[in-house]
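Protein chains in written order, with the UniProt record's numbering: chain A, 1 to 103; chain G, 1 to 103.
Protein chains: 2
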Amino acid sequence: MTTQNTSTECPASRLLKQLSGKWKPQIFLQVLNGPVRFNQLLRDLEGSNKQSLSTALREMEELGFLQRHIISEKPLHVEYHLSESGHQLIPIFRSIEDALKAI
Amino acid sequence: MTTQNTSTECPASRLLKQLSGKWKPQIFLQVLNGPVRFNQLLRDLEGSNKQSLSTALREMEELGFLQRHIISEKPLHVEYHLSESGHQLIPIFRSIEDALKAI
DNA sequence: ACAATTAGTCAGAAAATCATGACCACCCAA
DNA sequence: TTGGGTGGTCATGATTTTCTGACTAATTGT
C-alpha cells in the first residue's frame, strides 16, 4: 500500500492497487448483494481467514468504499455496507467483466 | 500470481491481479502513446529497475496484452506494442479514471 | 581499441502481503 | 456454568513481490 511515484504517475494505479488484494474483489462482490457480516463472510469465502478479512474490510472502510454499522439488535452484530463511493466502483467491475468477454 | 478460489470466484479478480503489479499500469499508460522500448521505459519510470520491468513486460506479453517486436534496423532494438487484447483493456482504465472523478 | 547503448539474466536480499493459532470480550441459550 | 455464536486482535511465520548489483552479449560510435 505504498505509492510515491512522481513524474510518471498513472491515475489508475492507485485505485487499481486499492482494489486488488486477495480478498477485496470477492468482498466487493458479496457486499453488492446487500450488507455483509464478518463471520458469514469468513464462511462464504473459502480459504479465507479472520486476519486477512479483517484487514481487507478495514482498508476498504478507510478508503471509504464500505461502511461499518454496529447493529444493536437481536444478536448484536456488525454489518458492512457498500458506501456511496463504493457504488462508484461498480462500473469498473462491469468494464472488467466486459473486457473479459472480448479478450 | 496465484489464484485457486473455487466457490466464490469473482470474475474480475483474475484480471484485476494481472493489471495490478507495481509497474504494469504505468507501462500500459506509456504503451498507449505508441511502441515502447526497454531502456527508454527504464529511464521514464522513475524508481523502476530492469528486473521488475523485464518481469512485468514478459508477463504482459504472456497474457497477450503486449507484443514484443525485434526491430532489425538502425540501432537494432526491441519494441513493445499494445496488442488487440491490450486494446480491450482501455475501457477499464477509462472507467477507473471516471470513478476517480466521482469519488 | 575503448566506451556506450541496446536488452536483458541471475542470485540474493529486502519488503510487502497473506496465513496460522492463540487469545479476548461480549452475549445468549441450555 | 459451560458451550457456542458474535467480531475481532496479536505475534509470528510463510509466501509473494520487488529491488539491488553483478554480469552477459551484440552493436555502434570515437
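For glycine and all other residues, C-beta sits at the position ideal for the given N, C-alpha and C.
Query: Hey, quick one: how far does the beta strand (DSSP E) through R68(A) stretch, first residue to last?; Result: L66 to I71
Query: Note down the Cα distance separating Q4(A) from A99(G), rounded to an integer number of angstroms.; Result: Only weak support exists for where Q4(A) lies, its pLDDT of 36 falling under 50; the coordinates are left without a value.
Query: For R68(G), which residues in the same chain have their Cβ closer than 7 Å to its Cβ, ignoring the five residues on either side in sequence?; Result: E61, V78 and Y80
Query: Does DSSP classify L82(A) as helix, strand or coil?; Result: strand
Query: What's the C-alpha gap between A12(A) and R94(G)?; Result: 9 Å
Query: In chain A, what lies closer than 9 Å to L15(G) by C-beta?; Result: I96, E97, A99, L100 and I103
Query: To the nearest angstrom, how far is the alpha carbon of L19(G) from that of L76(A)?; Result: 40 Å
Query: Using a Cβ-Cβ distance cut-off of 7 Å, determine whether M1(G) contacts chain A.; Result: A caution first: M1(G) carries a pLDDT of 38, below 50, which makes its placement in the model unreliable, though a value can still be read off. No, no contact with chain A.
Query: Measure the CB-CB distance between I92(A) and A56(A) and report whether it falls below 7 Å.; Result: no
Query: Can you find the residues in the same chain that come closer than 7 Å, C-beta to C-beta, to W23(G), ignoring five residues on each side of it along the sequence?; Result: L45, S48, S52, L53 and A56
Query: Quick one: Cα of L29(A) to Cα of Q30(G), how far?; Result: 31 Å
Query: According to the neighbour-count rule (16 or more other Cβ atoms, all chains shown, within 10 Å of its Cβ), is G64(A) buried or exposed?; Result: exposed
Query: Contact check, C10(A) vs P25(G) under 8 Å by CB: the rounded distance?; Result: 4 Å
Query: Could you check the C-alpha separation between I96(A) and H87(A) for me, to the nearest Å?; Result: 15 Å
Query: Use the C-beta contact count for S83(A): other C-beta atoms within 10 angstroms, 16 or more gives buried, fewer gives exposed.; Result: buried
Query: Hey, how far is the Cα of T6(A) from the Cα of R14(A)?; Result: Below a pLDDT of 50, predicted positions are generally treated as unreliable, and T6(A), at 41, falls in that range; no measurement from the model is reported.
Query: Could you check where the alpha helix (DSSP H) with I96(G) kicks off and where it finishes?; Result: I90 to A102
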